[in-house]
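A.B. asks: The sequence shown begins at 4 in the numbering used here and counts up one residue at a time. Heads up, the beta-carbon is just placed ideally off N, CA and C, and yes, glycines get one too. Pasting in a structure now, in structure tokens, and then I'll have a few things to ask.
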Amino acid sequence: GASEDRADLGLSVVVLRTAVTAQPVFRHAFPTRPEELRIARDAARNWLEQQGVRGQRAHDVVLALGEACANAVEHAYRGGTGEVEVEIAGTAADLLLSVRDRGHWRVPAAGGDRGRGTSIMQALASELRVDTTEGGTPVTIRFREPEAVTA
């Protein structure tokens, strides 16, 4: 009968799992003390090395990170203390660096030997975005390798 027919039906379950390799992300938060800047740069440099990012590319990322972090340490909290959050994600060919403080934006003074950090970051990066918000200043810097030119 019907119960015998059901017993003869084979049930196959196929489970397909795909391996999703999450890209590593560097995260580092530190208090706004000048002595923390070297630690942040060293930690980022070590992480980049582990990801295979070396040479001029690593130098550029660490230099831009240092400028963005120094700006946050010096200006964001107007003599008070706060925290700076750093994140680096992506691949060697397309890295995205984010530096964020929760302080207040201060317009750079004109002239003198100060206020060149933004120009340095702009020169090193493919893209630079500085957002000034009531809740802090996120700086986003993209380092993208130029597309290969085919002849």
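Taking all protein chains shown into account, decide if A154 is buried (16 or more other Cβ within 10 angstroms of its Cβ) or exposed.
C.D. replies: With a pLDDT of only 48 at A154, under the threshold of 50, the placement of this residue in the model should not be trusted; the figure read from the coordinates follows. Exposed: under 16 other Cβ atoms inside 10 Å.
A.B. asks: Distance check for E137 and G58, CA to CA, integer angstroms please.
C.D. replies: When rounded, the distance between both Cα atoms is 37 Å.
A.B. asks: Give the DSSP bridge partners of R132, in chain order.
C.D. replies: In the DSSP output, where bridge partners are listed per residue, R132 has T143.
A.B. asks: Measure the C-alpha to C-alpha separation of G83 and A46 and round it to an integer number of angstroms.
C.D. replies: Roughly 24 Å separates the two Cα atoms.
A.B. asks: Since L40 and V76 are thought to touch, with beta carbons under 8 Å apart, how far apart are those beta carbons, to the nearest angstrom?
C.D. replies: Indeed, because the Cβ distance is near 6 Å, the residues count as touching under 8 Å.
A.B. asks: Alpha carbon to alpha carbon, how far is L68 from V148? Give it in angstroms, no decimals.
C.D. replies: Here residue 148 is Glu; the residue named in the question, Val, does not match the sequence. Cα to Cα, the separation comes out at about 18 Å.
A.B. asks: Between T143 and D104, which are expected to be in contact by the criterion C-beta below 8 Å, what is the C-beta distance as a whole number of angstroms?
C.D. replies: Not confirmed; about 13 Å, so no contact.
A.B. asks: Can you check which of these residues, V28, L66 and C72, is closest to A128 by C-alpha distance?
C.D. replies: Nearest of V28, L66 and C72 to A128, Cα basis: L66.
A.B. asks: Below 8 Å between beta carbons: does that hold for E86 and F29?
C.D. replies: Going by C-beta atoms, E86 is not nearer than 8 Å to F29.
A.B. asks: Roughly how many angstroms separate the alpha carbons of N49 and R81, rounded to a whole number?
C.D. replies: Going by the C-alpha atoms only, they are around 31 Å apart.
A.B. asks: Only counting the same chain, and skipping five residues up and downstream in sequence, which positions put a Cβ closer than 6 Å to that of I42?
C.D. replies: Excluding sequence neighbours, I42 sits near nothing in its chain.
A.B. asks: Please confirm whether G55 and A95 have their CB atoms less than 8 Å apart.
C.D. replies: Yes. Within cutoff.
A.B. asks: Could you spell out the range, first to last residue, of the beta strand (DSSP E) harbouring A79?
C.D. replies: Segment: none, A79 is in no beta strand (DSSP E) and carries neither H nor E.
A.B. asks: Could you spell out the range, first to last residue, of the beta strand (DSSP E) harbouring T94?
C.D. replies: Residues E86 to T94.
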